[in-house]
Amino acid sequence: MSDVVLLTPREIATGALSLNNQNVTVTDEEYVQLDPALRIFYEKVRENLGLACITGYLRNAGHSVTSLNLHGRTPSDDAIIELIRRERPRFIGISIMYDLHIIDAIRLIRCARTADPDVFIAIGGAFCTYNAKLIAEQVPEADCVTFGEGELTVVGIMDRLTAGTDWRETPGLFYRDGDRVRSSGMPVLPDLGNLVWPARDVLQYHKAAGIATPVASTFTSRGCHAKCTFCYAPRQPGVVDGFWRMRPPGDVVDEIEYLQREFGTRFIWFNDDNFGGAFGDGFAHAVEFAETVLSRGLKFQFHCEFRVDSGLIDHEALDLLHRAGLSSALLGIESGSPGMLRRFKKGTTVAYNLDAARMFKRKGLGLDPGWIMIEPKTTIDELWENLEFIVAARIHEADNPFFLINRAIALRGTEMYDKIEEPLPLADIEGLEGDAYEILRTARRDYRVPDPRVEALWSAWSEVGEEISDRKENVLPFIAQKIALGARRLRGTEHNPRAFLSRLRAWRNGLPELFLAFMNYGLVLAETDPPDLATRLTADLRDLVADYDAEHLGESFEEFGERVERVCGAEALVAAGVGR
């Protein structure tokens, strides 16, 4: 039994615009079980840090918690109902990070009500922060919707429920009062100088199951001082002393020492919105963190995210961070077009972005560019500028360059959303109806770019590019796993399939060149503006991919997968006398 059950819904795509710009982690639970020798084929698994932070605060306040991340899982309604009846919680919290979660979140809420009509249900998370009133109106099955950072809000609700006092007095809520929706006022944000560390349920689970736990997530700061039009950080609720707040560097390093001691952590994802922070304070904070790591002799690598104008794009600062373990970073470059940068209010220039990217490359640091290829006013000329920048900065030389083919989502709470005057109706999506439809119809604004050639390019690039990304992210790792297992079991026989792995590696390593061909061909064709551009380009790009597959695999990707199954699948291994 638990006082609290926390759930993260499954991700369900809510439109084409979601497919290419979200870092979807639906297969984490499967990926951690892959052969460690094949880690080059998949991303490091990340914890849900928001859920972990709330769990930590609840336990610190004396409440027992069961948390469950449903990414990559497909529990039935009956399984969810059984879980809730078994745990008999007083409080159920459902975390909605972004639009991909809303359909399954509503399903979970209704399962919870079926399991226990009297249980208290709260919804929260980043998506709720700027849609809280709307969600409270549309989902009456939930008792309340929290907004802003949730640790103190959730603890406040739970403390009041336990004490029998009015939970509506907790700051940071929207809730129904008869036919009206009311707010309890702005949330109170945690003091990062006196932080309760995140709970490590995922790492504990993996450790107990005999799965290695070399990767963990934490943060050194919260918020961002900038005013980017596509981001809702500038409107973060509850902020009192500035939009960028920092943890003491010593406390961060103490937590890393704990993670290394308990779980053998060798890699840290820092989930900060802006690791480099605001101006001089951010620079000093990052430098103090690095110096503290070095003074304690800790050995680990880390990934972080920061703005190009943070002050950390400096030879000495990057060298210091590199010595402390920085291996890669997401830089908020966003575009290689001056016009797009101005519309984004990035406060930087193409030349400065290029210098930053080249500095990372020269120092051997991995660069994950924050990037938006298309937004509401993008022109063909600006797409050419983006491509010119991509080549000059070499940002396509990445694990999956097709993630650069993306489109800004105008989310409620952003300036970009406010400026879209004639949003398009939502596309027909399986499972999207009723409450979920009404929420998404208002929570985001889809748009049509004025130049129809840009829309045609997006249609073809996104459709075929998504097919390639799906192969790279969701199919290739498991083909590689199958080949590796077959190679071990067929070692010394005439059937050894190790050559398949070399072909697969060549296919993956050639993706940057395929990406450039994709972009160049599409833009050149768009300049001629042939009839039915989207249909023709889609067909031509598929032909391009077919030629690429034949060059690297000797056949189509699908045929290659079938060949691997014939040689390395369970039935083939049994027939060869080496199956289990």
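Numbered as in the working numbering, the sequence shown ends at 608 without a single skipped number. Cβ atoms here follow ideal geometry from the backbone N, Cα and C, with glycine treated the same way. The structure displayed is predicted, hence computed values, not measured ones.
> Given a threshold of 16 other Cβ atoms within 10 Å of its Cβ, counted over all protein chains shown, does Gly-178 qualify as buried or as exposed?
Replying inline: Taking the sequence shown and counting its residues from 1, one reaches residue 178 at position 150. By the 10 Å Cβ count, Gly-178 comes out buried.
> So what does DSSP say about Pro-558, is it helix, strand or coil?
Replying inline: Translated into positions along the sequence shown, residue 558 becomes position 530. Note: Pro-558 maps to coil in three-state DSSP.
> Thr-36 and Ser-123 look like a contact to me (Cβ under 8 Å); what is the Cβ gap, rounded to whole Å?
Replying inline: As a working note, residue 36 is residue 8 in the sequence shown. As a working note, residue 123 is residue 95 in the sequence shown. Right, the Cβ-Cβ distance comes to about 5 Å (below 8 Å), so this counts as a contact.
> DSSP on Cys-259, reduced to helix/strand/coil?
Replying inline: Counted from its first residue, the sequence shown places residue 259 at position 231. DSSP places Cys-259 in coil when its eight states are reduced to three.
> Is Cys-156 helix, strand or coil when you go by DSSP?
Replying inline: Residue mapping note: residue 156 aligns to position 128 of the sequence shown, counting from 1. Of the three classes helix, strand and coil, the one that applies to Cys-156 here is helix, per DSSP.
> Taking Met-274 as the reference, which of Pro-242, Thr-248 and Ala-254 has the closest Cα?
Replying inline: The residue given as residue 274 occupies position 246 in the sequence shown. If we check each option's Cα against that of Met-274, Thr-248 comes out closest.
> Among the residues of its own chain, which have a CB less than 8 Å from the CB of Arg-564, if the five just before and after it don't count?
Replying inline: One-based indexing of the sequence shown puts residue 564 at position 536. For Arg-564, same chain residues with a beta-carbon under 8 Å away, outside a window of 5 residues either side, are Leu-553 and Pro-558 in chain order.
> When DSSP labels each residue in this structure, what does His-313 get in the three-state scheme?
Replying inline: For the purposes of this step, residue 313 is taken as the residue at position 285 of the sequence shown. Residue state for His-313 is assigned as helix, using DSSP reduced to three classes.
> According to the neighbour-count rule (16 or more other Cβ atoms, all chains shown, within 10 Å of its Cβ), is Phe-307 buried or exposed?
Replying inline: Within the sequence shown, residue 307 is the residue found at index 279, counting from 1. So Phe-307 counts as exposed.
> Do Leu-659 and Ser-338 have their CB atoms nearer than 8 Å?
Replying inline: Any answer about residue 659 is impossible in this case: the structure gives the chain only from 29 up to 608.
> Count the other CB atoms within 10 Å of the CB of Leu-452; is the residue buried (16 or more) or exposed (fewer)?
Replying inline: In the sequence shown, residue 452 corresponds to position 424, counting from 1. Counting Cβ neighbours within 10 Å, Leu-452 comes out exposed, since fewer than 16 surround it.
> Rounded to whole angstroms, how far is the Cβ of Ala-160 from the Cβ of Val-173, which I believe are closer than 8 Å?
Replying inline: Counting from one through the sequence shown, the residue named residue 160 turns up at place 132. Counting from one through the sequence shown, the residue named residue 173 turns up at place 145. The pair is a contact, with the Cβ atoms about 4 Å apart (cut-off 8 Å).
> Ala-80: buried (16+ other C-beta within 10 angstroms of its C-beta) or exposed?
Replying inline: Counted from its first residue, the sequence shown places residue 80 at position 52. Buried is the call here.
> Nearest to Ala-471 by CA position, among Arg-516, Pro-215 and Thr-442, is which residue?
Replying inline: Residue 471 sits at position 443 when you count from the first residue of the sequence shown. Selected option, being the one with the closest Cα: Thr-442.
> So which of Pro-145, Val-492, Cys-139 and Phe-528 has the shortest CA-CA distance to Asp-568?
Replying inline: Here residue 568 refers to the residue found at position 540 when the sequence shown is read from its first residue. Of the residues Pro-145, Val-492, Cys-139 and Phe-528, the one whose Cα lies closest to the Cα of Asp-568 is Val-492.
> On the three-state DSSP scale, how would you describe Asp-31?
Replying inline: On the sequence shown, position 3 is the one that residue 31 refers to. In the three-state DSSP reduction, Asp-31 falls in the coil class, being neither helix nor strand.
> Closest by CA to Val-482, which one among Ala-436, Ile-408, Tyr-549 and Ile-423?
Replying inline: On the sequence shown, position 454 is the one that residue 482 refers to. Ranking Ala-436, Ile-408, Tyr-549 and Ile-423 by Cα distance to Val-482 puts Ile-408 first.
> Is it buried or exposed for Arg-208, if we count other Cβ within 10 angstroms and need 16 for buried?
Replying inline: For the purposes of this step, residue 208 is taken as residue 180 along the sequence shown, with counting starting at 1. Burial state of Arg-208 is exposed, judged by a 10 Å Cβ sphere holding fewer than 16 other Cβ atoms.
>> To the nearest angstrom, how far is the alpha carbon of Ala-464 from that of Leu-201?
In response: As a working mapping, residue 464 is identified with position 436 in the sequence shown. As a working mapping, residue 201 is identified with position 173 in the sequence shown. Straight through space, the alpha carbons of Leu-201 and Ala-464 are spaced by roughly 20 Å.
> What's the C-alpha gap between Val-52 and Arg-38?
Replying inline: Working through the sequence shown from its first residue, we reach residue 52 at position 24. Working through the sequence shown from its first residue, we reach residue 38 at position 10. The predicted position of Val-52 is uncertain, since its pLDDT is 36 and thus under 50; a value taken from the coordinates is nonetheless stated next. Roughly 10 Å separates the two Cα atoms.
> So, helix, strand or coil for Leu-551, using DSSP?
Replying inline: The residue given as residue 551 occupies position 523 in the sequence shown. DSSP places Leu-551 in helix when its eight states are reduced to three.
>> Judging by CA-CA distance, which residue of Leu-223, Ile-239 and Asn-222 is the nearest neighbour of Val-230?
In response: Counting from one through the sequence shown, the residue named residue 230 turns up at place 202. Of the candidates Leu-223, Ile-239 and Asn-222, the one whose C-alpha sits nearest the C-alpha of Val-230 is Ile-239.
>> For a quick check, are the C-beta atoms of Ile-400 and Asn-428 less than 8 Å apart?
In response: Sequence index remark: in the sequence shown, residue 400 carries index 372 (1-based). Sequence index remark: in the sequence shown, residue 428 carries index 400 (1-based). Taking 8 Å as the cut-off, the Cβ atoms of Ile-400 and Asn-428 do not count as close.
>> If distances are taken between C-alpha atoms only, which option among Pro-480, Leu-542, Glu-416 and Val-503 comes closest to Phe-430?
In response: Mapped onto the sequence shown, residue 430 falls at position 402. Closest option to Phe-430, Cα to Cα, is Leu-542.
> Distance, Cα to Cα, Ser-530 vs Ser-497?
Replying inline: On the sequence shown, residue 530 is found 502 positions in, with the first residue counted as 1. On the sequence shown, residue 497 is found 469 positions in, with the first residue counted as 1. Going by the C-alpha atoms only, they are around 19 Å apart.
>> Using CA atoms only, rank isn't needed, just tell me which of Leu-98, Glu-115 and His-313 is closest to Ser-30.
In response: To locate residue 30, count along the sequence shown from 1; it is residue 2. Shortest Cα-Cα distance from Ser-30 to any of Leu-98, Glu-115 and His-313 involves Glu-115.
> Hey, would you say Cys-256 sits closer than 8 Å to Lys-447, going by beta carbons?
Replying inline: For the purposes of this step, residue 256 is taken as residue 228 along the sequence shown, with counting starting at 1. For the purposes of this step, residue 447 is taken as residue 419 along the sequence shown, with counting starting at 1. Cβ distance not < 8 Å, so Cys-256 and Lys-447 don't count as in contact.
> Roughly how many angstroms separate the alpha carbons of Gly-176 and Gln-264, rounded to a whole number?
Replying inline: The residue given as residue 176 occupies position 148 in the sequence shown. The residue given as residue 264 occupies position 236 in the sequence shown. Taking the straight line joining both Cα atoms gives about 7 Å.
>> I want to know whether the stretch 95 to 111 touches the stretch 134 to 143 - three or more CB-CB distances under 8 Å.
In response: The stretch 95 to 111 makes contact with the stretch 134 to 143, as at least three CB pairs between them are under 8 Å.
> CB-CB under 6 Å to Leu-220, same chain, minus the five flanking residues each way: which ones, in chain order?
Replying inline: Counted from its first residue, the sequence shown places residue 220 at position 192. Within the same chain, Cβ atoms closer than 6 Å to the Cβ of Leu-220 are found at Arg-273 and Arg-275, the five residues on either side in sequence being excluded.
>> For Val-492, report the span of its alpha helix (DSSP H) as first-last.
In response: Counting from one through the sequence shown, the residue named residue 492 turns up at place 464. Segment 480 to 498, the alpha helix (DSSP H) holding Val-492.
> Residue ranges of each alpha helix (DSSP H) run of no fewer than 4 residues wholly in the stretch 184 to 244, ordered along the chain?
Replying inline: Whole alpha helix (DSSP H) segments, 4+ residues: 229 to 236.
> Alpha carbon to alpha carbon, how far is His-424 from Thr-181?
Replying inline: To locate residue 424, count along the sequence shown from 1; it is residue 396. To locate residue 181, count along the sequence shown from 1; it is residue 153. Separation of His-424 and Thr-181 (C-alpha to C-alpha, rounded to the nearest whole angstrom) is 42 Å.
> Are three or more beta carbon pairs between the stretch 291 to 311 and the stretch 332 to 348 nearer than 8 Å?
Replying inline: For the pair of segments examined, the stretch 291 to 311 was found to touch the stretch 332 to 348: the number of CB pairs separated by less than 8 Å reaches three.
>> Let me confirm a value: Ser-95 is counted as buried when at least 16 other C-beta atoms fall within 10 Å, else exposed. Which label applies?
In response: Here residue 95 refers to the residue found at position 67 of the sequence shown. Buried: at least 16 other Cβ atoms inside 10 Å.
> Would Pro-242 pass as a contact of Phe-295 if the rule is Cβ separation under 8 Å?
Replying inline: As a first step, residue 242 is located in the sequence shown; it is residue number 214 there, counting from the start. As a first step, residue 295 is located in the sequence shown; it is residue number 267 there, counting from the start. Taking 8 Å as the Cβ cut-off, Pro-242 and Phe-295 qualify as a contacting pair.
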